[in-house]
Amino acid sequence: LLNWRLEDTGTNISVKVTEVDVLPSEPEPKTRNGFLKYLSDITLDPDTANRKLLLSDGNRKVIRKKQEQSYSDHPDRFTDWPQVLSRESLTGRCYWEVERRGEVDVAVSYKNISRTGQSDESLFGANDKSWSLYCDTDSYESWYNSIQTPVSGPVSSRIGVYLDHRAGILSFYSVSETMTLLHRVQTTFTQPLHAGLWSGACTQDPRSTCMF
Numbered sequence: 001l002l003n004w005r006l007e008d009t010g011t012n013i014s015v016k017v018t019e020v021d022v023l024p025s026e027p028e029p030k031t032r033n034g035f036l037k038y039l040s041d042i043t044l045d046p047d048t049a050n051r052k053l054l055l056s057d058g059n060r061k062v063i064r065k066k067q068e069q070s071y072s073d074h075p076d077r078f079t080d081w082p083q084v085l086s087r088e089s090l091t092g093r094c095y096w097e098v099e100r101r102g103e104v105d106v107a108v109s110y111k112n113i114s115r116t117g118q119s120d121e122s123l124f125g126a127n128d129k130s131w132s133l134y135c136d137t138d139s140y141e142s143w144y145n146s147i148q149t150p151v152s153g154p155v156s157s158r159i160g161v162y163l164d165h166r167a168g169i170l171s172f173y174s175v176s177e178t179m180t181l182l183h184r185v186q187t188t189f190t191q192p193l194h195a196g197l198w199s200g201a202c203t204q205d206p207r208s209t210c211m212f
């Protein structure tokens, strides 16, 4: 604790400044083995799942279905967009991988994202509460607050996501025999995050799937 005292024309002003030790963030890993040290156990929260999404494999797999599932009403459920959030909240340094088929969004979101209506307020990447990597059969796009950023890189069925919450870093990787950085976000996260998935339905593959 530092104490500063200023004196001017008989008026005393005492100013106290607290020293805070800020540890520098560790560098981002360079290899898959390095990322796997921060591997997080991710499960999907059935109370958030849109009724067009079928969860299985211990809530680690999601399939887009034509028929609505008989989920009970819940205030956390996405009512219109085919989306789901993880049960776990994410802080610190985390890494997870998504195995995907078809058209999907791999996302992170604050818990207080809207759940109702087919609007930007509830769609991953279309507001200031979520970030997403849109993965098509042959291309990628990054989305935040309805701003689209084209992303180049090798198309893979596996996407790696690295989060350093304190440092404000979110990175998406194409994972195959090697790891290729697709897109990196540098920002300030103000709340814990949740992993999210949006599952589309394209004509080539009407049963888009994702698995953690």
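Oh and the sequence shown: position 116 is 116 in the UniProt record's numbering, straight run, nothing missing. Note that CB positions come from ideal geometry on N, CA and C, so glycine has one too. Remember, it's a predicted structure, so these values are computed and weren't measured experimentally.
- Sequence-distant Cβ neighbours of residue 176 in its own chain, meaning closer than 8 angstroms and more than five residues away, are 154, 156 and 158.
- For residue 160 against residue 84, the beta-carbon gap comes to about 19 angstroms, at or over 8 angstroms, which does not count as contact.
- Between the segment 27–36 and the segment 168–187 there are three or more C-beta pairs closer than 8 angstroms, enough to call the two in contact.
- With at least 16 other beta carbons inside 10 angstroms of its own, residue 77 counts as buried.
- Annotated three-state conformation of residue 160 is strand, per DSSP.
- Taking a 10 Å sphere around the C-beta of residue 50, we find 16 or more other C-beta atoms and assign the residue as buried.
- In this structure the segment 125–139 does not touch the segment 64–80; the number of beta carbon pairs closer than 8 angstroms is below three.
- The Cβ atoms of residue 41 and residue 59 lie no closer than 9 angstroms to each other.
- In the three-state reduction of the DSSP assignment, residue 142 falls in the strand class.
- When the five nearest sequence neighbours on each side are left out, the beta carbons in the same chain lying within less than 7 angstroms of the beta carbon of residue 140 are those of 133, 134, 151, 153 and 182, in order along the chain.
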